[in-house]
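K.L.:
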Amino acid sequence: MLDLLSCDEPMTLEMVYPASVFITGANRGIGLGLVREFLKVSSVKNVIAGARNPDSAKTDGCWHGISGLE
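In structure tokens form, the structure reads like this:
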């Protein structure tokens with residue numbers, strides 16, 4: 012297991028980001044902003060965005076996935 016406290020290299024943000032993130036309220040505001048920022052981080056492989064009304068999202072058509080779940 013990697014011991015980050017004794018590592019000789021300086022830690023970067025990519026080293027501490029998780030591989031996947033789940034963001035609620037992702038159709039607008041802070042939630043949508045978080046989705047956009049996490050998509051820029053190379054170490055984050057999956058961004059799962061939840062919204063009550065994905066049709067109202069201002070995402071320029073970049074939503075992909077499952078819809079219609081209750």
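Numbered by our numbering, the letters in the sequence shown go through residues 12 to 81 in order. Backbone N, C-alpha and C fix where the C-beta goes; we use that ideal spot for every residue, glycine too.
Classify Ala30: buried if its beta carbon has 16 or more other beta carbons within 10 angstroms, exposed otherwise.
P.N.:
Counting from one through the sequence shown, the residue named residue 30 turns up at place 19. Ala30 comes out exposed.
K.L.:
Put Val46 into one of helix, strand or coil per three-state DSSP.
P.N.:
For the purposes of this step, residue 46 is taken as the residue at position 35 of the sequence shown. In the structure shown, Val46 sits in a helix (DSSP, three-state: H, G or I).
K.L.:
Just list the residues that DSSP pairs Ala60 with in beta bridges.
P.N.:
In the sequence shown, residue 60 corresponds to position 49, counting from 1. DSSP output for Ala60 lists Ile34 as bridge partner(s).
K.L.:
Since I believe Val46 is in contact with Tyr28 (beta carbons under 8 Å), could you give me their beta-carbon distance rounded to a whole number of angstroms?
P.N.:
The residue given as residue 28 occupies position 17 in the sequence shown. The residue given as residue 46 occupies position 35 in the sequence shown. In fact, because the Cβ distance is near 14 Å, the residues do not count as touching under 8 Å.
K.L.:
Cα separation between Leu43 and Pro21?
P.N.:
For the purposes of this step, residue 43 is taken as the residue at position 32 of the sequence shown. For the purposes of this step, residue 21 is taken as the residue at position 10 of the sequence shown. The straight-line gap from Cα to Cα measures roughly 30 Å.
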